[in-house]
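**Q** Protein chains in written order, with our numbering: chain A, 1 to 404; chain B, 1001 to 1404.
Note that CB positions come from ideal geometry on N, CA and C, so glycine has one too.
Given the structure is predicted, the values throughout are model-derived calculations rather than measurements.
Let me give you the structure first, and then I'll get to my questions.
See below:
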């Protein structure tokens, strides 16, 4: 049977994410991969922690094994409200919070409940590819805003906003990862955060604040989350336990006004009914016993060391015309090579001949640029792999630079 | 801020599922609820089983806590292929299988990759409401086919198919729960199954076979799954561990031709990246240690007793003009009351005055009929609750019958 003629027309936009495809290489022993986005294995829950979580779950009777309310296990929402208040400086009541199946689901639901075909959406340049792919389901138009070391260039943003307004248009929302951005490793300055909210008010749009990394800050950096300085209820805040507990648990959450959360809940009913009750209780236990609070400083310490090592090696070994971001936290360093180098074309060669992998940056740019960029992950590889891997990668890049 | 003007236009079709809303009542002590769809608490994993699963997970290093491949943990897919072959008589290789976050996700992905706006979709009358709501995202048209005790009336189906053909149209797919249907508790006869596949071939459409209950058969009933007699690759088969292990684990799977599975995988990348690795390993362990195989006879035994009890009481106590299905398995009995009774209007009264809940059937009918029907769940309540609850419900229905 020829299945393809049964496909919906929108599937013509579907293609595999290069980042997800690279997961294949992340466990091949002979290849050092900077391509993934996995946490440091040493930062994941210990056996003792899991046993203690199971003791907790066993004490609950059948609750952890049944379906749970679509918006999340009530005790977890209470604990999340505390966590938001104490750790993130975000005030939210239980009905302003919904538990989701990883923050990818928050992006997917945002796409469904907010986007009409041909709506304008604003993203950073570069931006998180899986967010764009979630939004693509609803076929929006994109406007990309370039960044410098302080985040989105707001004069460029305002130019786009004015242009839209002159054409009688408004953006539906602006999607940003303001802190330790993936892929760029850039964090938005406090001044710009305030200014961004002013623009949102002036030009009347919603902000999706995607915030998976802001607990992993290893340099002096003053900031507030956009949600915590949002006086108009314009910010939809999303975060996850993937980076501070474990990705395999697939638990994230969204904070927004109650009227917005209601629509997330309605949509989630038909997407997966509820997030895994077992995993919600695992996270509840981790929060109640301060396991997450205790783990964060350890993650910060390890990532700081790895990041500094990688950045130092890049500055030392890479060609002088390449530029690398120097992140205050998170998991990624981003680089711009000589404009003649196409990192996508280069990749297979680098994997096969040099045994090292990265993510070509082009797919992170919604405007079709970025062909000479790459994203490097420093959280997963160990220090020895970072040393050997960056050495190999530098050799490959220098070889290529000679050719072009 | 007035959020509503930012909503996508499709959200006007979103409303809370009455079934999910009824979950609220399922834990109120004073109300006996036949409204949910929860497994018997006594059928859920024991503490020993969970401890043993955790021992297994601990032995894997960090694998259970990291992201896993989008299509599923490879060892689980191997085990699922065996399970399909040995328990379901379905032949499938690993690349014809994808692990999903509960079978609700399978429905959601099917909706995204198959449906274009205004496509025709065929369902049973009544049908599983959360499937319809997943399909609604893409705004299809529905054709409902009535059932008798042997399942879909195929002469009605063929009439609809001919009507479509005469108008130059084809259905995109037919959605069916052929075995122990939710909500109707009806199972399709073997003859009809064969005939349905012939019609699918003749009129060229896909069949989505949703199969959560077919392992829970407690009467003599000969059947084969549609997928196991599908010679043309027209059947997309979906099932779940919610009813034979635990809903809280949110693990299901889809079996289809490789070209179809590839599209499920592509879509899933942007929906939740991957299903929970922890939960996939819990299921892997349960399959490898035959925990699920051993549990099924116990579930069957308990549900048989409860179902017979409930059906007997309904026949004894309900008005003579009411009709109740007598299921061969599954979790639900469905009833048609006197046509003058509107079960939706009746519900709140019955909850408040009689302390018993059910699901009004109307929302299960895509053609707007079924106002006098109700779905009763017999798996979750205990035997005493079934006795007291059906007595209360019968009183309420008889009272109402006097009024109308």
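Check whether the region 290 to 302 of chain A and the region 91 to 102 of chain A touch, using three or more Cβ-Cβ pairs below 8 Å as the test.
**A** Contact fails: fewer than three Cβ-Cβ distances are below 8 Å.
**Q** Using a 10 Å radius around the Cβ and a threshold of 16 neighbouring Cβ atoms, would you call residue 316/A buried or exposed?
**A** The residue is exposed, with fewer than 16 neighbouring Cβ atoms inside 10 Å.
**Q** Report, in whole angstroms, the separation of the C-beta atoms of residue 1272/B and residue 101/A, which I expect to be a contact under 8 Å.
**A** Contact holds; Cβ gap of about 5 Å.
**Q** Residues of chain A with CB closer than 9 Å to the CB of residue 989/B, please, in chain order.
**A** Any question about residue 989/B goes unanswered here, given that chain B covers just 1001 to 1404.
**Q** Once DSSP output is grouped into helix, strand and coil, what is the label at residue 1357/B?
**A** If DSSP states are grouped into helix, strand and coil, residue 1357/B belongs with the strands.
**Q** Give me, in chain order, the residues of the same chain whose beta-carbon lies closer than 6 Å to that of residue 1057/B; leave out the 5 immediate sequence neighbours on both sides.
**A** For residue 1057/B, where only same-chain residues beyond five positions count, the Cβ hits under 6 Å are 1064 and 1281.
**Q** Could you round the C-beta distance between residue 1389/B and residue 1356/B to whole angstroms and report it? I think they count as a contact, below 8 Å.
**A** Right, their Cβ atoms sit about 5 Å apart.
**Q** If you follow the alpha helix (DSSP H) that residue 1302/B is part of, which residue opens it and which one closes it?
**A** 1291 to 1317 is the span of the alpha helix (DSSP H), which, as asked, contains residue 1302/B.
**Q** Which whole-angstrom value is the C-beta distance of residue 1150/B and residue 1189/B, which I expect to be below 8 Å?
**A** Confirmed, Cβ separation roughly 4 Å.
**Q** Assuming residue 1389/B is part of the alpha helix (DSSP H), what are its boundary residues?
**A** Segment 1383 to 1403, the alpha helix (DSSP H) holding residue 1389/B.
**Q** Any idea what DSSP makes of residue 144/A, helix, strand or coil?
**A** Note: residue 144/A maps to strand in three-state DSSP.
**Q** Which residues in chain A sit within 8 Å of residue 1133/B, going by Cβ to Cβ distance?
**A** Chain A residues near residue 1133/B: 269 and 270.
**Q** Going by other Cβ atoms of all chains shown within 10 Å of its Cβ, with 16 needed for buried, is residue 1361/B buried or exposed?
**A** Residue 1361/B comes out buried.
**Q** So which residues of chain A does residue 1206/B contact, with C-beta pairs closer than 9 Å?
**A** Near residue 1206/B (Cβ distances below 9 Å), the residues of chain A are 1, 3 and 6.
**Q** Which class does residue 372/A belong to by DSSP, given the choice of helix, strand or coil?
**A** Coil.
**Q** Mind checking residue 1108/B: buried by the 16 CB within 10 Å criterion, or exposed?
**A** When all chains shown are included, residue 1108/B counts as buried.
**Q** Between which two residues does the alpha helix (DSSP H) carrying residue 1343/B extend?
**A** Residue 1343/B -> alpha helix (DSSP H) spans 1343 to 1349.
**Q** Can we count residue 1017/B as close to the ligand FMN, meaning its CB is less than 6 Å from some heavy atom?
**A** In the structure on display, the ligand FMN does not appear, and there are no ligands present to speak of.
**Q** Could you tell me which residues DSSP pairs with residue 1377/B in its beta bridges?
**A** Residue 1377/B is bridged to 1332/B.
**Q** Checking the sheet assignment: what are the DSSP bridge partners for residue 120/A?
**A** Residue 120/A is bridged to 141/A and 171/A.
**Q** Can you tell which of 1129/B, 1124/B, 1239/B and 1254/B has the C-alpha that lies nearest to the C-alpha of residue 1015/B?
**A** When only C-alpha atoms are compared, the closest one is 1129/B.
**Q** So, helix, strand or coil for residue 208/A, using DSSP?
**A** Strand, per DSSP.
**Q** Residues of the region 1156 to 1180 of chain B with a CB closer than 9 Å to any CB of chain A: list them in chain order, please.
**A** Going along the region 1156 to 1180 of chain B in chain order, one finds 1172 and 1173 with a Cβ nearer than 9 Å to chain A.
**Q** Enumerate, from N- to C-terminal direction, the unbroken beta strand (DSSP E) stretches of 3 or more residues contained entirely within the region 1214 to 1260 of chain B.
**A** With a minimum length of 3 residues, the continuous beta strand (DSSP E) runs that stay inside the region 1214 to 1260 of chain B are 1235 to 1240 and 1252 to 1255.
**Q** Name the chain B residues whose beta carbon is nearer than 7 Å to that of residue 232/A?
**A** The contacting residues are 1001.
**Q** Could you compute how far the alpha carbon of residue 119/A sits from the alpha carbon of residue 5/A?
**A** Distance between the alpha carbons of residue 119/A and residue 5/A is about 28 Å.
**Q** Counting C-beta neighbours from all protein chains within 10 Å, is the total for residue 1379/B 16 or more, i.e. buried, or is it exposed?
**A** Buried, because 16 or more other Cβ atoms sit within 10 Å of the Cβ of residue 1379/B.
**Q** Can you find a C-beta in chain B that's less than 7 Å from the C-beta of residue 62/A?
**A** Yes, contact with chain B.
**Q** What in chain A is Cβ-close to residue 1191/B, meaning under 8 Å?
**A** Going along chain A, no residue has its Cβ under 8 Å from residue 1191/B, so there is no contact; the nearest lies around 23 Å.
**Q** Tell whether a beta-carbon distance below 7 Å holds between residue 1046/B and residue 1277/B.
**A** In this structure, residue 1277/B does not lie closer than 7 Å to residue 1046/B by Cβ.
**Q** Would you mind sorting residue 167/A into buried or exposed? The rule is 16 or more other CB atoms within 10 Å of its CB.
**A** Exposed is the call here.
**Q** Note down, in chain order, each residue of its chain lying with its Cβ closer than 8 Å to the Cβ of residue 353/A, except the 5 sequence neighbours on either side.
**A** Within the same chain, residue 353/A has close Cβ partners 396.
**Q** Return the residue from the list 117/A, 326/A, 292/A and 319/A that minimises the CA-CA distance to residue 337/A.
**A** Measuring from the Cα of residue 337/A, the nearest candidate turns out to be 319/A.
**Q** Excluding the 5 residues flanking residue 90/A on each side, which residues of the same chain have their C-beta closer than 8 Å to its C-beta?
**A** Taken in chain order, the residues that qualify are 84, 225, 227, 228, 237 and 255.
**Q** Got a sec, what are the start and stop residues for the beta strand (DSSP E) residue 113/A sits in?
**A** Not the beta strand (DSSP E): residue 113/A falls in the alpha helix (DSSP H), residues 103 to 114.
**Q** Using a Cβ-Cβ distance under 7 Å, would residue 1047/B count as near chain A?
**A** Yes, contact with chain A.
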